[in-house]
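For what it's worth, numbering that gives the first Met the number 0 labels the leading residue of the sequence shown as 0, then goes sequentially.
Think of the CB as a built atom: it goes at the ideal place given N, C-alpha and C, for glycine as much as any other residue.
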Amino acid sequence: MPNFDTFFNSITDVLPKSLLTMHQDLEKNLRVALDSGLRKMNLVTREEFEVQTAVLERTRSRLEALEARVALLEGARQEAGLFDQTFKQSET
Numbered sequence: 000m001p002n003f004d005t006f007f008n009s010i011t012d013v014l015p016k017s018l019l020t021m022h023q024d025l026e027k028n029l030r031v032a033l034d035s036g037l038r039k040m041n042l043v044t045r046e047e048f049e050v051q052t053a054v055l056e057r058t059r060s061r062l063e064a065l066e067a068r069v070a071l072l073e074g075a076r077q078e079a080g081l082f083d084q085t086f087k088q089s090e091t
């Protein structure tokens, strides 16, 4: 929590040192309030974010491959349908 420490120090350092008890209480209350606020935000760690980014990239790549495959199959089906229609017309 080095960033939190810097934040708390910058706020509590402006208080007179003669109010040490108040200084410590304020720091404790600020930490609790900040921690509570961050928990309510449902934040994730950088590691979890990177894991989910990798999962999304793999999923996106698989989706693109499947879309290409479906397009090929649809094209082949249309060609077969046109062939069937042409073949039936030539029989009559």
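Same chain, Cβ closer than 6 angstroms to residue i, five either side skipped, listed in chain order
{"i": "Gly-80", "result": "none"}
{"i": "Leu-72", "result": "none"}
Chain-order list of residues whose beta-carbon lies under 8 angstroms from that of residue i (same chain, five-residue window excluded)
{"i": "Gln-51", "result": "Val-43"}
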